[in-house]
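At position 106 of the sequence shown the residue is numbered 106 (UniProt numbering), and the sequence of numbers has no breaks. C-beta atoms are modelled at their ideal positions from N, C-alpha and C, and glycine is treated no differently. Keep in mind it's a predicted model, so treat the numbers as computed, not measured. Working notes, structure below.
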Amino acid sequence: MHNAAATTISYIPAGYRQDLVNCIYKTLRSSDDSLSVIYATNANTLIQAIKTEYLCQKMIGLNMATSKSYWINGTIGEYNSWYMDGGFTAQYGTETSALLHIDLSQ
(Lines of atoms letter the chains of each structure in order from A and count residues from 1; the text may use other names and numbers.)
(Lines give C-alpha, C1' and ligand atoms only; values in the text may rest on other atoms or scores of the structure.)
Protein backbone atom coordinates (compact mmCIF):
# COMPACT_ATOMS: atom_id res chain seq x y z
CA MET A 1 0.00 0.00 0.00
CA HIS A 2 2.87 2.34 0.77
CA ASN A 3 4.24 1.87 -2.77
CA ALA A 4 0.92 2.87 -4.33
CA ALA A 5 0.71 5.95 -2.11
CA ALA A 6 4.31 6.96 -2.83
CA THR A 7 3.73 6.58 -6.56
CA THR A 8 0.55 8.67 -6.48
CA ILE A 9 2.15 11.41 -4.41
CA SER A 10 5.20 11.54 -6.68
CA TYR A 11 3.00 12.45 -9.65
CA ILE A 12 1.72 15.62 -7.96
CA PRO A 13 4.74 17.77 -8.92
CA ALA A 14 5.49 15.96 -12.21
CA GLY A 15 5.83 18.67 -14.83
CA TYR A 16 4.77 21.38 -12.36
CA ARG A 17 6.17 24.82 -13.16
CA GLN A 18 7.74 23.52 -16.36
CA ASP A 19 8.01 25.68 -19.47
CA LEU A 20 5.29 23.96 -21.49
CA VAL A 21 5.95 26.12 -24.55
CA ASN A 22 9.61 25.12 -24.93
CA CYS A 23 9.50 21.75 -23.12
CA ILE A 24 7.73 18.44 -23.38
CA TYR A 25 7.77 16.51 -20.11
CA LYS A 26 6.87 12.83 -19.68
CA THR A 27 7.34 10.64 -16.63
CA LEU A 28 6.87 7.02 -15.60
CA ARG A 29 7.00 6.13 -11.90
CA SER A 30 6.49 3.27 -9.50
CA SER A 31 7.32 3.70 -5.83
CA ASP A 32 10.90 4.95 -5.64
CA ASP A 33 11.84 4.22 -9.27
CA SER A 34 11.18 6.62 -12.10
CA LEU A 35 12.01 7.60 -15.64
CA SER A 36 11.46 11.13 -16.87
CA VAL A 37 11.90 12.27 -20.44
CA ILE A 38 12.27 15.98 -21.08
CA TYR A 39 12.46 17.40 -24.58
CA ALA A 40 13.57 21.03 -24.77
CA THR A 41 14.18 23.53 -27.54
CA ASN A 42 17.66 24.37 -26.22
CA ALA A 43 20.23 23.34 -23.59
CA ASN A 44 19.42 26.17 -21.15
CA THR A 45 15.73 25.27 -21.12
CA LEU A 46 16.62 21.61 -20.54
CA ILE A 47 18.94 22.40 -17.62
CA GLN A 48 16.28 24.64 -16.06
CA ALA A 49 13.66 21.89 -16.49
CA ILE A 50 15.91 19.37 -14.71
CA LYS A 51 16.55 21.79 -11.83
CA THR A 52 12.83 22.56 -11.57
CA GLU A 53 12.00 18.84 -11.46
CA TYR A 54 14.43 18.28 -8.56
CA LEU A 55 13.06 21.31 -6.68
CA CYS A 56 9.39 20.36 -7.14
CA GLN A 57 10.01 16.79 -5.99
CA LYS A 58 11.88 18.09 -2.95
CA MET A 59 8.96 20.41 -2.07
CA ILE A 60 6.73 17.37 -1.40
CA GLY A 61 9.43 15.47 0.47
CA LEU A 62 10.92 13.35 -2.31
CA ASN A 63 14.67 13.69 -2.50
CA MET A 64 16.03 12.28 -5.74
CA ALA A 65 19.62 11.16 -5.29
CA THR A 66 21.75 12.89 -7.90
CA SER A 67 24.27 10.05 -7.55
CA LYS A 68 21.59 7.63 -8.78
CA SER A 69 20.18 9.90 -11.49
CA TYR A 70 21.39 9.62 -15.05
CA TRP A 71 20.74 12.20 -17.73
CA ILE A 72 21.28 10.94 -21.25
CA ASN A 73 20.90 12.42 -24.70
CA GLY A 74 18.64 10.10 -26.62
CA THR A 75 15.10 9.12 -27.40
CA ILE A 76 14.70 5.68 -25.81
CA GLY A 77 14.71 5.16 -22.05
CA GLU A 78 14.28 1.86 -20.17
CA TYR A 79 12.50 1.47 -16.85
CA ASN A 80 11.87 -1.98 -15.33
CA SER A 81 11.41 -3.53 -18.79
CA TRP A 82 9.14 -0.66 -19.85
CA TYR A 83 10.45 1.64 -22.55
CA MET A 84 9.66 5.23 -23.41
CA ASP A 85 10.38 6.10 -27.02
CA GLY A 86 9.12 9.57 -27.84
CA GLY A 87 5.38 9.50 -27.21
CA PHE A 88 5.27 5.71 -27.12
CA THR A 89 5.45 3.86 -23.77
CA ALA A 90 5.17 0.08 -23.68
CA GLN A 91 6.66 -3.09 -22.34
CA TYR A 92 8.77 -4.16 -25.26
CA GLY A 93 12.39 -5.09 -25.80
CA THR A 94 14.24 -6.80 -28.60
CA GLU A 95 11.53 -6.03 -31.13
CA THR A 96 12.10 -2.28 -30.72
CA SER A 97 13.76 -1.89 -34.10
CA ALA A 98 10.80 -3.58 -35.79
CA LEU A 99 8.45 -0.95 -34.37
CA LEU A 100 10.44 2.08 -35.54
CA HIS A 101 9.86 3.64 -38.94
CA ILE A 102 12.84 3.29 -41.25
CA ASP A 103 12.91 5.35 -44.44
CA LEU A 104 14.43 3.06 -47.08
CA SER A 105 13.99 5.55 -49.92
CA GLN A 106 17.26 7.34 -49.13
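Item	Value
According to DSSP, is residue 107 part of a helix, a strand, or is it coil?	Because residue 107 is not part of the residues shown, which for the chain are 1 to 106, the question remains open.
Tell me whether residue 34 sits in a helix, a strand or coil according to DSSP, three-state version.	strand
Nearest-angstrom Cα distance between residue 12 and residue 24?	17 Å
Once the 5 residues before and after residue 60 are set aside, which same chain residues still bring their CB inside 7 Å of it?	9, 12, 13
Once the 5 residues before and after residue 43 are set aside, which same chain residues still bring their CB inside 8 Å of it?	none
Under the three-state reduction of DSSP, which class applies to residue 9: helix, strand or coil?	helix
Can you look up residue 108 in the DSSP assignment and give me helix, strand or coil?	Residue 108 is absent from the model: the chain starts at 1 and stops at 106.
In or out: residue 49 buried (at least 16 other Cβ within 10 Å) or exposed?	buried
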